[in-house]
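Report on the structure given below.
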Amino acid sequence: MTGRRSSYEIYWEILVYCKSPRSFTAIINRCDLNSKTGQEYLEFLSSKGYLSLTKEGEKTSYVSTNRASEYIALFTEMYQNLFDTIPGFRL
Amino acid sequence: MTDETLTRFKSELNSFSILVLMNLVFGALVMAFGVQFIVTSVSGLTNGQSLSLLRIVAGSLSMVCFGLGISWIISSVEILDGIDSIRSEFKDLTGPVSDETLTSGIVGMMAHYRGNKKTIRTMILVCSLGGFCFLALAIINSMEFFSISLSSGRLTLNNYLLIPSVLLTLGVALVSLLSSYYFTHFSRAWDQRLQETARYEDTLKKSLGIEKE
Numbered sequence: 090m091t092g093r094r095s096s097y098e099i100y101w102e103i104l105v106y107c108k109s110p111r112s113f114t115a116i117i118n119r120c121d122l123n124s125k126t127g128q129e130y131l132e133f134l135s136s137k138g139y140l141s142l143t144k145e146g147e148k149t150s151y152v153s154t155n156r157a158s159e160y161i162a163l164f165t166e167m168y169q170n171l172f173d174t175i176p177g178f179r180l
Numbered sequence: 178m179t180d181e182t183l184t185r186f187k188s189e190l191n192s193f194s195i196l197v198l199m200n201l202v203f204g205a206l207v208m209a210f211g212v213q214f215i216v217t218s219v220s221g222l223t224n225g226q227s228l229s230l231l232r233i234v235a236g237s238l239s240m241v242c243f244g245l246g247i248s249w250i251i252s253s254v255e256i257l258d259g260i261d262s263i264r265s266e267f268k269d270l271t272g273p274v275s276d277e278t279l280t281s282g283i284v285g286m287m288a289h290y291r292g293n294k295k296t297i298r299t300m301i302l303v304c305s306l307g308g309f310c311f312l313a314l315a316i317i318n319s320m321e322f323f324s325i326s327l328s329s330g331r332l333t334l335n336n337y338l339l340i341p342s343v344l345l346t347l348g349v350a351l352v353s354l355l356s357s358y359y360f361t362h363f364s365r366a367w368d369q370r371l372q373e374t375a376r377y378e379d380t381l382k383k384s385l386g387i388e389k390e
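Read top to bottom, the protein sequences are chains C and L. Note that the working numbering has the first sequence beginning at 90, numbered continuously upward. Note that the working numbering has the second sequence beginning at 178, numbered continuously upward.
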């Protein structure tokens, strides 16, 4: 996804994508981030307990925790609400 | 909630795509009209017609319209580019859409609006200016080929072939002004949503303790 996203939108994208274990490269590719900012986002989410690191041999993957589900649910509800409460645009 | 929200989201996406596509077509028309008026003004001069004030004004307006047409097309393409990818994502989906897919579309549209807010503002301005320029051109052109006799109060049309051209110019002027109105309407709805998301971000920050340090 391109365009100008807020940090909270990027958090949501990462957490949704990491519902199944994902590698660092897969995450930054999917969420359209460069490695520096990608690392910052992942470190932040891990430090808050929204992502956990799993290691299988040499492979390190990130996976969303149960705590992340709360954030995902709240975010989803709020953003969908934008179309229910604000009068939309129609030709 | 998802079904209703999805219907609203898709309908809004389609309406906006149609508006931008319509603008692309009319942008091309505006550019073509601009060129046509410039050529008419120049060819009139080479045929030995006098350089009247009305002709100078029409020529200058034509050049403005040509420039506006180009800027109109570029802005439309920029906006359409982002919308098309979101729209095709939803078009290809069959069956029920998950909450996450829908939210992903909403986030995409939000990011697209944030990124193109300035272009949309330009579009509103270009459409309004284009509309008024074409309205002026239509009036000037009809003045050139109508003659009014003050003594008898009769209106005479000197060249019937110019009626379609004047009508087309008026049509383009009307569409330009309508586009400006709809873009303003669209912009208002999304500005309101942006404000709302800023409020949501506070809630997300507070309730979940997510705050970038």
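Here a beta-carbon is modelled for each residue, glycine too, at the ideal position from N, C-alpha and C.
Would you mind stating whether residue i and residue j have Cβ atoms separated by less than 8 angstroms?
i         : j         : result
Gly-308/L : Trp-249/L : no
Leu-190/L : Phe-267/L : yes
Phe-311/L : Ser-262/L : no
Ala-313/L : Arg-94/C  : no
Leu-122/C : Ile-161/C : no
Pro-110/C : Thr-154/C : no
Ala-315/L : Ala-350/L : yes
Arg-156/C : Tyr-168/C : no
Leu-279/L : Phe-186/L : yes
Phe-164/C : Leu-381/L : yes
Glu-378/L : Tyr-97/C  : yes
Phe-363/L : Phe-178/C : yes
Quick one: Cα of residue i to Cα of residue j, how far?
i         : j         : result
Glu-181/L : Asn-170/C : 11 angstroms
Gly-211/L : Ile-283/L : 38 angstroms
Ile-175/C : Leu-196/L : 20 angstroms
Ser-188/L : Val-234/L : 43 angstroms
Leu-344/L : Gly-244/L : 22 angstroms
Lys-137/C : Glu-147/C : 25 angstroms
Leu-201/L : Asp-258/L : 12 angstroms
Lys-389/L : Lys-383/L : Residue confidence for Lys-389/L is low, a pLDDT of 49 falling below 50, so the modelled location carries little weight and cannot support an answer.
Phe-214/L : Cys-304/L : 19 angstroms
Leu-231/L : Leu-238/L : 11 angstroms
Leu-347/L : Ile-301/L : 19 angstroms
Arg-291/L : Ser-220/L : 46 angstroms
Ile-260/L : Met-208/L : 24 angstroms
Ser-342/L : Ser-192/L : 29 angstroms
Val-241/L : Leu-306/L : 9 angstroms
Ser-357/L : Ser-135/C : 46 angstroms
Ile-99/C  : Leu-180/C : 31 angstroms
Ser-253/L : Phe-360/L : 11 angstroms
Can you tell which of the options has the C-alpha that lies nearest to the C-alpha of residue i?
i         : options                         : result
Tyr-130/C : Glu-145/C, Tyr-151/C, Pro-110/C : Tyr-151/C
Cys-120/C : Thr-271/L, Gly-285/L, Leu-345/L : Gly-285/L
Leu-206/L : Leu-306/L, Gly-386/L, Gly-246/L : Gly-246/L
Taking residue i as the query, report the chain C residues whose CB atoms sit under 8 angstroms from its CB, ordered along the chain.
i         : result
Phe-363/L : Phe-178
Gln-369/L : Ile-175
Val-284/L : Met-90, Arg-94, Glu-98, Trp-101, Glu-102, Tyr-168
Along chain L, in chain order, which residues have C-beta atoms closer than 9 angstroms to that of residue i?
i         : result
Val-105/C : Glu-277, Thr-280, Ser-281
Phe-113/C : Residues of chain L passing the Cβ test: none, with the nearest at roughly 19 angstroms.
Run through chain L and tell me which residues come within less than 8 angstroms of residue i, C-beta to C-beta.
i         : result
Ser-109/C : Ordered by position in chain L, no residue passes the 8 angstroms Cβ test against Ser-109/C, which lies about 13 angstroms from the chain.
Residues of chain L with CB under 7 angstroms from residue i, in chain order?
i        : result
Arg-93/C : Ala-288, Arg-291, Gly-292
I'd like to confirm something about residue i: is its beta-carbon nearer than 7 angstroms to some heavy atom of the ligand NAP, or not?
i         : result
Thr-361/L : The ligand content of the structure shown is nil, which means the ligand NAP is not present either.
Quick one: which chain C residues come within Cβ less than 7 angstroms of residue i?
i         : result
Leu-391/L : Nothing can be reported for residue 391/L: it is not among the residues displayed for chain L, which extend from 178 to 390.
Gly-308/L : Result: empty, since nearest Cβ-Cβ is about 17 angstroms, beyond 7 angstroms.
* To do: Anything in the segment 124–157 of chain C with a Cβ closer than 7 angstroms to a Cβ of chain L? List those residues in chain order, please.
  => Phe-133, Lys-137
* In chain order, what residues of the segment 180–193 of chain L put their CB closer than 8 angstroms to some CB of chain C? -> Glu-181, Thr-182, Arg-185, Phe-186, Ser-188, Glu-189, Ser-192, Phe-193
* **Where the segment 242–272 of chain L meets chain C: residues whose CB sits under 7 angstroms from a CB there** => Gly-259
* **Interface residues of the segment 345–360 of chain L facing chain C [CB-CB below 9 angstroms]** => Tyr-359
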